[in-house]
Structures are given as structure tokens and as C-alpha cells.
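*Asks:* Under my numbering, the first residue of the sequence shown carries the number 17, and numbering increases by one thereafter.
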Amino acid sequence: MAVQLVQVEALFASHLQRSQAPTAELIRDAIRATVARHGENGVAALVAQEFGDHPETSAGRMRWARQACSAAYPTAA
């Protein structure tokens with residue numbers, strides 16, 4: 017399964033932090049909970065707001081979210 021943008025954005029908008037070194041299961045759970053709570057459009061709005069409010073840290077968090085999602089949803093070989 018290829019990582020979807022909504023998964024990356026949901027992880028970005030979630031409560032999880034890189035410093036917690038979350039497992040793949042925690043990442044998937046956080047993504048599901050964030051999408052359930054805010055919906056896909058709400059998640060996108062949270063990401064946009066965060067980039068507007070904190071551009072200096074948002075790029076790093078987005079990189080982490082992409083890497084973490086790729087690890088949590090590995091592609092089938």
C-alpha cells in the first residue's frame with residue numbers, strides 16, 4: 017500500500033511526537049483517530065494552520081510524518 021497524503025497529514029496533525037519513537041501500530045492508531053476526529057478536510061486545515069503559525073518547525077515535522085508513515089505502511093514486495 018502506498019502511503020496516502022491524508023495519512024501523512026493526519027500523523028502530522030496528531031498528538032504523537034517524534035521524541036516518543038512511536039511504533040508502527042501507534043502511528044496507525046493515531047492516524048485513524050485523527051481522521052475520525054477531524055475528517056480529511058479538517059486534517060488538511062490543521063496542517064495549513066500549523067504551517068502558517070509555525071513555519072520554522074512544520075517542515076521538519078512533515079518530513080518525520082512522511083518517513084514514519086512509510087515505515088508504518090510498508091509496500092508489499
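All C-beta atoms in this analysis are idealised placements derived from N, C-alpha and C, irrespective of residue type, glycine included.
A quick note: this is a predicted structure, and the numbers were derived from the prediction, not measured.
1) So, at 6 Å on beta carbons, what are the nonlocal neighbours of Pro38 in its own chain, with the 5 sequence-adjacent residues on each side left out?
2) Which residue marks the beginning of the alpha helix (DSSP H) containing Thr91, and which one marks its end?
3) If contact is defined by three or more beta carbon pairs under 8 Å, each pair taking one atom from either stretch, is the stretch 75-89 in contact with the stretch 20-30?
4) By how many angstroms is the C-alpha of Pro90 removed from the C-alpha of Ser74?
5) Enumerated in chain order, which unbroken segments of the beta strand (DSSP E) with a length of 3 residues or greater are wholly contained in the stretch 35-88?
*Replies:* Considering the structure as presented:
1) Reading the sequence shown from its first residue, position 22 is the one you call residue 38. Excluding residues within five positions, the ones whose Cβ falls inside 6 Å are Leu32.
2) Your numbering for residue 91 matches position 75 in the sequence shown. That residue, Thr91, is in no alpha helix (DSSP H); it is neither H nor E in DSSP.
3) yes
4) By one-based count along the sequence shown, residue 74 stands at place 58. By one-based count along the sequence shown, residue 90 stands at place 74. The alpha-carbon atoms of Ser74 and Pro90 are separated by roughly 24 Å.
5) none
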